[in-house]
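In full-length UniProt numbering, the protein residues as written are 1 to 431. Ideal placement from N, C-alpha and C gives every residue a C-beta, glycine not left out. Just so we're clear, the structure is a prediction, and the values are computed from it rather than from any experiment. Taking it in order: structure first as structure tokens, then the write-up.
Next comes the structure, spelled out in structure tokens:
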């Protein structure tokens, strides 16, 4: 419910909401004429792909991955992966996302943790587990031993760092990309350490059929067999699921990351989110990677999620207030922070976005706050301030712990040699 109020933060928690008198030692952030909302939560992104925005266009997901994105990811060195991660985190924070769940490549995953730590984001990060050839592609990741050793190292080094702001995940690229041995070990680790399990499921119809033939079962059944479904599991896309599979996700309290823009751009389809919500699936939001969405702005993704289901299900199918929950409370729940994030309430962690729209200063418009936030275009919406864990990370639209222009310059400088190496390798294969 929207109302005029001050928000007091003490340490990293919300201490009071109401009419509050600031004392001389308090830092004040002027939110006059703005909406003050919980920081947005994205449950499916790929920081490693930020450099590749606009590189591979007008392709379906398998062509896009096999011809362009996986080869490019394999050409990333530590420096270029770090530039990609910092650029991605900067874009997320500047557009109001305070918490994200990112699947990286098989290598250089440390740089994603470092970017989140340095710029002040809350993050769940996992290396892509790929020790098996993905059906329909020519690419492999790494050996089972290499994948397992690196996963264990990352969990020990990063899980729970920055006062719990950083969390490690178990992230098989897809159920078909990780061997039986690696899946069993990884899921066991996730259960022992209470880690998020993050993977892709049934994004594309032909891909789903191909994988089912290789695995002797569809993705959801394979994950069930590995005991990989549950309240700490996030399944990205879930475009082509049966009614039975939707009920299984609801029964196991498994979370879905809805990525409508990427699914439309790659021609994959539209996930049946209204049906998911109707049977009790916890649906969340994700922009996916910048390479398949061209944007990491969660507000744009929420707008798409609100609109894309209406031609089939009716204008009232996905109201704005319900959509906003996908990007706040439900996302926090999926990542294990449901008791402390996702709402503006006393005692909750102070992850806050302050957003200006033309209507924010008009008292009569308060009842339509969610509508103005979800449906405003970027010209009528500006993220003014962002707090994560009680600390300002964006102030007056600028990063507090970095320079947007410098981060962008570093990203473009890192991108050029990667694309050059890609052209050289392709020319070499053709000769």
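- With a cutoff of 8 Å on beta-carbon distance, residue 86 and residue 119 are scored as near each other.
- Separation of the CB atoms of residue 97 and residue 40 is rounded to 5 Å, and the pair is thereby assigned contact status at 8 Å.
- About 4 Å separates the beta carbon of residue 91 from that of residue 296, a gap short enough to meet the 8 Å contact definition.
- Spanning the alpha carbons of residue 374 and residue 189 requires a straight line of approximately 38 Å.
- Within a 10 Å sphere around the beta-carbon of residue 358 sit fewer than 16 other beta-carbons, which makes this residue exposed.
- Cβ-Cβ separation between residue 125 and residue 113: approximately 5 Å, consistent with a contact (criterion under 8 Å).
- Its Cα nearest to that of residue 399, the residue 94 stands out among 261, 94, 82 and 355.
- Only exposed fits residue 146, as fewer than 16 other CB atoms lie within 10 angstroms of its CB.
- Spanning the alpha carbons of residue 55 and residue 291 requires a straight line of approximately 7 Å.
- Of 242, 206 and 21, the smallest CA-CA separation from residue 266 is found for 206.
- For residue 150, there is no enclosing beta strand (DSSP E); the enclosing alpha helix (DSSP H) has its first and last residue at 144 to 158.
- In this structure, the alpha-carbon of residue 323 lies about 22 Å from that of residue 198.
- Assignment of beta-bridge partners to residue 70 by DSSP yields no partner.
- Between the region 252 to 260 and the region 225 to 234 there are three or more inter-stretch CB-CB distances shorter than 8 Å, so the stretches are counted as touching.
- Within the same chain, and ignoring the five residues on either side of residue 410 in sequence, the residues whose Cβ sits closer than 8 Å to its Cβ are 83, 86 and 87.
- Bounds of any alpha helix (DSSP H) do not take in residue 17; it lies within the beta strand (DSSP E) bounded by 13 to 18.
- In this model, residue 33 and residue 347 are separated by some 25 Å (Cα to Cα).
- When C-beta atoms of the region 69 to 81 are compared with those of the region 274 to 281, fewer than three pairs fall below 8 Å, so the two segments do not count as touching.
- Secondary-structure assignment with DSSP links residue 64 through no beta bridge to anything.
- In this structure, the beta-carbon distance from residue 237 to residue 201 falls below 8 Å.
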